[in-house]
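Visitor: One structure coming up, written as structure tokens, with questions to follow.
There are 2 protein chains.
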Amino acid sequence: MRAKRKRLGAPAGPRAVNIAETREKILKAAIEQFAQKGLTGARIESICAEADVNPRMVYHYYKDKEGLYVAVLEQVLGELRAEELALDVSRSEPFEGLLTMFDFIFGHFAKHPELIRLLSSENLLEGAFLKNSVATPIVASPVVEHIDTLLKRGEATGSVRSGLDALHLYVVMVGLSYFHKSNAHTLSIIWNKSLTSADWQEEHRRLGRDILVTYLRPAPKN
Amino acid sequence: MRAKRKRLGAPAGPRAVNIAETREKILKAAIEQFAQKGLTGARIESICAEADVNPRMVYHYYKDKEGLYVAVLEQVLGELRAEELALDVSRSEPFEGLLTMFDFIFGHFAKHPELIRLLSSENLLEGAFLKNSVATPIVASPVVEHIDTLLKRGEATGSVRSGLDALHLYVVMVGLSYFHKSNAHTLSIIWNKSLTSADWQEEHRRLGRDILVTYLRPAPKN
DNA sequence: CTTTTAAGTAAATATATTTTTACTATTAAC
DNA sequence: GTTAATAGTAAAAATATATTTACTTAAAAG
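Residue numbers (our numbering), protein chains in the order written: chain A, 6 to 227; chain B, 6 to 227.
And the structure:
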């Protein structure tokens, strides 16, 4: 019995291009659809129509709908991490560095509404899929470490309020960047004012930053 | 041709009790299910099983799935409003009054996780159903007006920072009460720390309050 | 106490949606 | 260039799910 020829890895020829292309087309369409409608709301059919791909291929490359959904989460969180890795506040004055972190976070969520929607969806699912993602460890980013370092340096030089916890501060920063966007629809309806307008959003960014500036300065001694 | 007998209003006898009971059972089960799974994720079947009611009754009382969903939104937002109406800060010192507002908002969302989930769901649907709710005008609450009044009074007495916009401040207050809960799952996974624990949440409440206290005091003159 | 109205039940229907099957075509390995 | 592996297609099957139909029962109105 002759040993079966086994392909050693992914093909390298012209087929490799097609494979990557198909996978990407599916993933891109899936990001859009899952962000728009959530895991249960999105339709395999719509994703395939948008990607111009046969439904069979979704199962071929991603096992099933949930497998595709996990791949989507990994993709958008991976992109966030990639941007975060480019950040360098190691030589920033600590107070300024913390504001840079806020500006980055605010900017990223402003540029990536689909990330907001996917995270909100996944939280409604209680993190069930992110929890099972093999790529989860990759996801943890250096941002909180940066904040931690900046806080310690700032304490030492006296330019930043002392006693702050990096993760708590991070969550506040993200909250100030996220909530007014994630909940803009219901807030706009209830308060009869368009919070989605660029003006309102910019004004809110200013307020968030202002709040941080005020809070991050050391507490005046009594 | 004799005129048909028409019932003038809802029945008042023992049947009225049954009707109200059935409607309530359905609504209560629907709040739970829609909060848990969202509009598309929730199943009429599950709702009926939980309410111990025939599916037909959902259509009888609420027209269809979407009608039931709208009724759910109206119910939970109505409850929020009812609590808000009980608030009285008209005689509070303005600075204290603003903190009272924050404590109220934070407390309400802490007590009503289902409200957080329903609002997040509805925002993913871009407010499509709240927009069409006939009860929407009812939903607008007195909170922002209270904040507005407190800000003006505080400016006048000098106890509160001037130039603040009530709606922006309100959104910040809700954000500080909401985001760390709505996104606790993904944050916990990514940062490998349970943000859902009572300790963490309480610590975060303290931080949010502290931030407001610091910011709401008038800016020191230079 | 007869009639009308509406609540409630059981079951079927219609439809939407994921997933699989059976097949074809193309590429890579020898 | 022959063969094995796998990308890709078309269509059906399996399943899940919202909604309706036809009927029964109970209460209200005169």
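Note that the Cβ used here is the ideal one computed from N, Cα and C, for glycine as well. Bear in mind the structure is a predicted one, so any value in this text is a computation, not a measurement.
1) Against chain B, does H190 of chain A count as a neighbour if the rule is that its beta carbon must be under 8 Å from one of theirs?
2) Please report the distance separating the alpha-carbon of E207 of chain B from that of G213 of chain B.
3) Can you list the residues of chain A that H209 of chain B reaches, using a CB-CB cut of under 9 Å?
4) Going straight from the alpha carbon of D69 of chain B to that of V63 of chain B, what length do you get?
5) Check G132 of chain A in the structure and name its three-state DSSP category.
6) Within a Cβ cutoff of 7 Å, which residues of the same chain sit near V148 of chain B, ignoring the five residues on either side of it in sequence?
7) Between P223 of chain B and F100 of chain B, what straight-line distance do the alpha-carbon atoms span, to the nearest angstrom?
8) How big is the Cα-Cα spacing for G180 of chain A and A189 of chain B?
9) How is A189 of chain B classed by DSSP in three states: helix, strand or coil?
10) How many whole angstroms separate the CB atoms of E37 of chain A and F134 of chain A, which I take to be in contact at a CB cut-off of 8 Å?
11) Among A:S97, A:L124, A:Y67, which one has its Cα closest to the Cα of T308 of chain A?
12) Just to confirm my understanding: we take E160 of chain A, look at its own chain, exclude 5 residues before and 5 after, and list those with CB closer than 7 Å. What are they?
13) Let me know the secondary structure DSSP gives V177 of chain A once reduced to three states.
14) Using DSSP with H/G/I as helix, E/B as strand and the rest coil, what is G46 of chain B?
15) Please name the residue in A:S138, A:H65, A:L104 whose C-alpha comes closest to that of I194 of chain B.
16) So which residues of chain B does R122 of chain A contact, with C-beta pairs closer than 8 Å?
17) Roughly how many whole angstroms lie between the Cα atoms of T154 of chain B and V94 of chain B?
18) List in chain order: all unbroken alpha helix (DSSP H) runs of 4+ residues lying wholly within the stretch 99 to 124 of chain B.
19) Could you tell me whether the Cβ atoms of H173 of chain B and H113 of chain A are closer together than 8 Å?
20) Apart from the five residues just before and just after A8 of chain B, which ones in its own chain have a Cβ nearer than 7 Å to its Cβ?
21) Would the beta-carbon of T201 of chain A fall within 8 Å of that of G132 of chain B?
22) Any C-beta of chain B within less than 7 Å: which residues of the stretch 34 to 60 of chain A qualify?
23) Under three-state DSSP, which class holds R166 of chain B?
24) Within the 8 Å Cβ cut-off, does H151 of chain B reach chain A?
25) For a cutoff of 8 Å on Cβ pairs, would you count L156 of chain A as touching chain B?
26) On a CA-only basis, which of B:Y74, B:P118, B:Y183 is nearest G46 of chain B? Give me that one, please.
27) Note the first and the last residue of the continuous alpha helix (DSSP H) segment covering R92 of chain B.
28) Measure the alpha-carbon distance for I216 of chain A versus L104 of chain A and round it to whole angstroms.
29) Expressed to the nearest angstrom, what Euclidean distance is found between the alpha-carbon atoms of T219 of chain B and L92 of chain A?
30) Take the Cβ of N59 of chain A as the centre, count every other Cβ of all protein chains shown within 10 Å, and call the residue buried at 16 or more, exposed below.
31) Indicate whether S125 of chain A and L85 of chain A have their beta-carbon atoms separated by less than 8 Å.
32) Per DSSP, what kind of secondary structure is R211 of chain A in: helix, strand or coil?
33) On the three-state DSSP scale, how would you describe V149 of chain A?
34) I'd like to know whether the C-beta of Y74 of chain B is nearer than 8 Å to at least one C-beta of chain A.
35) Taking the alpha helix (DSSP H) that V63 of chain A belongs to, which residues open and close that run?
Guide: Considering the structure as presented:
1) Chain B contact via Cβ: present.
2) 10 Å
3) Near H209 of chain B (Cβ distances below 9 Å), the residues of chain A are H173, V176, V177.
4) Spanning the two alpha carbons is a distance of roughly 7 Å.
5) coil
6) Excluding positions up to five away in sequence, the list reads E89, M106, Y175.
7) 10 Å
8) Between G180 of chain A and A189 of chain B, the C-alpha separation is close to 11 Å.
9) helix
10) That belief does not hold up - the Cβ atoms of E37 of chain A and F134 of chain A are roughly 18 Å apart, past 8 Å.
11) Here chain A has residues from 6 to 227 only, and residue 308 of chain A is not among them.
12) S167
13) helix
14) helix
15) Nearest C-alpha to I194 of chain B: A:S138.
16) L129
17) Each residue's alpha carbon lies about 9 Å from the other.
18) 99 to 116
19) no
20) Low confidence applies here, because A8 of chain B scores a pLDDT of 35, under 50, leaving its location unreliable and the question unanswered by this model.
21) no
22) G43, T45, G46
23) coil
24) no
25) So no, L156 of chain A is outside the interface.
26) B:Y74
27) Residue 92 of chain B is actually Leu in this sequence, not Arg. No alpha helix (DSSP H) contains L92 of chain B, which DSSP labels as neither H nor E.
28) Cα to Cα, I216 of chain A sits roughly 11 Å from L104 of chain A.
29) 29 Å
30) exposed
31) no
32) helix
33) Assignment of V149 of chain A by DSSP, reduced to helix, strand and coil, places it in the helix class.
34) no
35) 60 to 67
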